[in-house]
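Novice:
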Amino acid sequence: MHFPTVKENQTNIIHIIKKHYSSECGYTFTIFNFSSKTDTKKIIFRSLDEVTCKRCQEIFKEIHLRD
Ligand SMILES: [Zn+2]
Numbered sequence: 237m238h239f240p241t242v243k244e245n246q247t248n249i250i251h252i253i254k255k256h257y258s259s260e261c262g263y264t265f266t267i268f269n270f271s272s273k274t275d276t277k278k279i280i281f282r283s284l285d286e287v288t289c290k291r292c293q294e295i296f297k298e299i300h301l302r303d
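In this note's numbering, the protein residues as written are 237 to 303.
#1: Could you tell me whether the Cβ atoms of isoleucine 280 and threonine 241 are closer together than 8 Å?
#2: Taking Cβ positions, are glutamate 244 and histidine 251 nearer each other than 8 Å?
#3: Using 8 Å as the limit for Cβ to Cβ distance, is isoleucine 280 near chain C?
#4: From the DSSP output, which residues share a beta bridge with arginine 282?
#5: Considering only DSSP beta bridges, list what histidine 251 is partnered with.
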């Protein structure tokens with residue numbers, strides 16, 4: 237199973253996208269900003285194992301893998 241993720245420029249940390257402007261952990265970014273290419277993040281579908289933000293992983297598991 238793969239999820240939409242975004243990589244943080246400065247740290248290279250990979251976050252899971254929750255909404256179109258923020259990650260599960262609250263990291264915010266701009267995807268749909270076509271006026272500035274530097275602000276535009278690329279959405280890449282990855283498996284949960286590839287997500288390097290621990291906070292995003294924890295929150296995602298709590299929300300989606302709870303049974
Ligand atoms: Zn995160």
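Cβ atoms here follow ideal geometry from the backbone N, Cα and C, with glycine treated the same way. Since this is a predicted model, take the numbers as computed values, not measurements.
Specialist: With the given structure in hand:
#1: Position 44 of the sequence shown, counted from the start, is the residue given in the question as residue 280. Position 5 of the sequence shown, counted from the start, is the residue given in the question as residue 241. Contact: yes.
#2: Position 8 of the sequence shown holds residue 244. Position 15 of the sequence shown holds residue 251. Yes. Within cutoff.
#3: No chain C appears in the structure shown, which is made up of a single protein chain.
#4: For the purposes of this step, residue 282 is identified with residue 46 of the sequence shown, where counting begins at 1. In the DSSP output, where bridge partners are listed per residue, arginine 282 has Phe239.
#5: If you number the sequence shown from 1, residue 251 lands on position 15. According to DSSP, which records beta bridges pairwise, histidine 251 is partnered with Val242.
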